[in-house]
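In what follows, a single structure is set out as structure tokens and then discussed.
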Amino acid sequence: MDTAPLAQIICRDAQSVTLQLQLSPDLACFAGHFPDFPVLPGVVQVDWALQLATTYLGVTADGGIRLQVKHKRIVLPSSPLTLELRVDQPGRLRFSYRSADVLVTEGSVVLVGL
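Quick note on numbering: the sequence shown equals residues 2 to 115 in our numbering.
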């Protein structure tokens with residue numbers, strides 16, 4: 002069972018990347034959350050943002066993080082999902098998820114101890 006979505010780059014520069022994420026109902030994060038109405042857990046959204054920022058922007062969180070996040074809508078397994086990642090100052094990553102151009106989650110991560 003896969004743990005991460007397929008990601009396709011929409012646009013990218015040195016400080017940011019926008020990705021189209023292909024969600025599958027078979028992703029491990031949907032199992033049991035919730036059995037009759039699966040939704041993408043918020044903690045998984047944060048984890049994916051950090052993992053994909055490491056992959057595409059070279060961001061690392063080895064020293065810890067301070068997190069600020071707002072979940073505005075639920076994400077279903079069939080939702081089209083776009084993730085924008087941006088390093089807007091040294092040590093700070095901003096991220097936002099959109100589904101069909103509607104903001105569903107936004108947040109920032111301050112990398113501590115780097």
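Idealized CB from N, CA, C, for every residue including glycine. None of the values given here were measured: they were computed from a predicted structure.
Ignore the nearest five residues each way along the sequence and tell me which others in residue i's own chain have a CB closer than 6 Å to its CB.
i: Ala50; result: Phe96
i: Leu7; result: Gln23
i: Leu41; result: Val76
i: Asp89; result: Arg95
Tell whether a beta-carbon distance below 8 Å holds between residue i and residue j.
i: Leu112; j: Gly43; result: no
i: Pro78; j: Ser25; result: yes
i: Ile66; j: Val105; result: no
i: Cys30; j: Val45; result: yes
If you run the structure through DSSP and keep just helix, strand and coil, what is residue i?
i: Thr61; result: coil
i: Val204; result: Outside the shown range of the chain (2 to 115) lies residue 204, about which nothing can therefore be said.
i: Ala15; result: coil
i: Thr4; result: coil
i: Phe96; result: strand
i: Leu104; result: strand
i: Leu68; result: strand
i: His53; result: Note that residue 53 is Leu in the sequence shown here, rather than His. In this structure, Leu53 counts as helix in the three-state DSSP scheme.
Assuming residue i and residue j make a contact with CB atoms under 8 Å, what is their CB distance in whole Å?
i: Gln16; j: Arg87; result: 6 Å
Which value, in whole angstroms, describes the spacing of the CA atoms of residue i and residue j?
i: Gln52; j: Leu68; result: 15 Å
i: Asp37; j: Ser100; result: 21 Å
i: Leu28; j: Thr55; result: 21 Å
i: His34; j: Asp102; result: 24 Å
i: Asp14; j: Pro39; result: 34 Å
i: Cys12; j: Ala5; result: 20 Å
Under the criterion of a Cβ to heavy atom distance below 7 Å, does residue i qualify as lining the ligand SAM?
i: Asp27; result: Looking at this structure, you won't find the ligand SAM or any other ligand, since it has none at all.
If you drop the 5 nearest sequence neighbours on each side, which residues of the same chain put their C-beta closer than 7 Å to that of residue i?
i: Val18; result: Ile10, Tyr57, Leu58 and Leu86
Excluding sequence positions up to five away, which residues of its chain have a Cβ less than 8 Å from the Cβ of residue i?
i: Leu115; result: The pLDDT assigned to Leu115 is 46, lower than 50, so where the model puts this residue is not dependable, and the model offers no usable value.
i: Lys73; result: Leu104, Val105, Thr106 and Glu107
i: Asp3; result: Ser25, Asp27, Leu28 and Ala29
Is the CB of residue i under 8 Å away from at least one CB in chain B?
i: Ala29; result: Absent here is chain B; the protein component of the structure consists of one chain.
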